[in-house]
Amino acid sequence: IGTYTTNNNSISNITISNTSGANANVYLLRAYSKNYQTTWTCNNNIIGGTAANSINCQNYHWVHGIFFSWGTSISASGNTIQNITSAYSGIHGIKEQSDAGGATTSSTYSCNTIKTIKCLSGQVNGILLDGGNSTNNLIERNLIYDLNGVTVTAINHSNSRSPFTDVIRNNMIALGNSVATSTTRGI
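See the structure below:
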């Protein structure tokens with residue numbers, strides 16, 4: 032049981048190399064609960080600096096900007112996730128992974144900026160809600176643009192086990208291009 036707060040942090044200028052050829056996970060900010068009774072407030076963090084490739088994963092890595100797993104709720108607001116590059120596997124700007132046997136999560140993701148993320152041979156998700164019990168979430172007023180990969184999704188709810196009633200509204204999205212030159216800005 033726990034309540035966690037992760038606010039006002041800056042993470043940048045990281046190069047990661049895995050020479051074994053095996054898949055590895057990179058968690059830049061993560062809250063994990065084995066007992067399913069965790070709430071997390073994660074606000075106003077900057078993941079990735081202003082320079083291109085500020086976080087650079089050179090081999091087989093799953094990269095997670097903000098990762099919340101098996102808890103009951105997260106409030107993530109005002110975060111900036113930017114300038115992340117990975118050669119393989121995939122990148123998730125924000126990922127929530129609830130467990131099918133755990134508690135139902137109800138989370139809020141608002142006013143986040145997720146931009147300039149590139150995976151050379153994998154998938155990119157701006158916000159990924161992954162798991163059977165993630166429901167009743169609020170996803171609003173996020174700015175998501177300049178995502179590039181083999182498969183790109185701005186907001187992805189991968190819930191195959193139960194119905195969900197998320198509210199997804201007023202997000203600004205431009206995939207594979209910058210906001211300044213894109214003609215697609217909304218959902």
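Read left to right, the sequence shown gives residues 32 to 218 (this note's numbering).
Even for Gly, the Cβ is constructed at its ideal location relative to N, Cα and C.
In this text the structure is predicted, and so the values were computed from the model without any measurement.
Q.
Looking only at its chain, what residues have a beta carbon closer than 6 Å to the beta carbon of Thr-147, apart from the 5 residues adjacent to it on each side?
A. Cβ neighbours of Thr-147 beyond the five flanking positions: Gln-113, Asn-114 and Asp-177.
(Q) Considering just the uninterrupted stretch of the beta strand (DSSP E) at Arg-61, what are its terminal residues? (A) Per DSSP, Arg-61 belongs to the beta strand (DSSP E) from 55 to 63.
Q.
Between Asn-39, Thr-139, Asn-76 and Ala-55, which has its C-alpha nearest Gly-96's C-alpha?
A. Of the candidates Asn-39, Thr-139, Asn-76 and Ala-55, the one whose C-alpha sits nearest the C-alpha of Gly-96 is Asn-76.
Q) Using a Cβ-Cβ cut-off of 8 Å (strictly less than) and excluding sequence neighbours within five positions of Lys-65, which residues of its own chain qualify? A) Taken in chain order, the residues that qualify are Trp-101.
Q: Quick one: give me the first and last residue of the beta strand (DSSP E) that Val-183 is part of.
A: Residues 182 to 189.
Q: Taking 8 Å as the cut-off, decide whether the C-beta atoms of Gly-121 and Gly-157 are in contact.
A: No, the Cβ-Cβ distance between Gly-121 and Gly-157 is not below 8 Å.
Q) Can you give, in chain order, each stretch of the beta strand (DSSP E) that sits fully within the stretch 61 to 131 and has at least 3 residues? A) Here the runs fully enclosed are 69 to 74, 86 to 88, 92 to 100, 104 to 108, 111 to 117 and 121 to 128.
Q: Starting from Arg-200, trace the beta strand (DSSP E) both ways and give me its first and last residue.
A: Here the beta strand (DSSP E) through Arg-200 covers 198 to 200.
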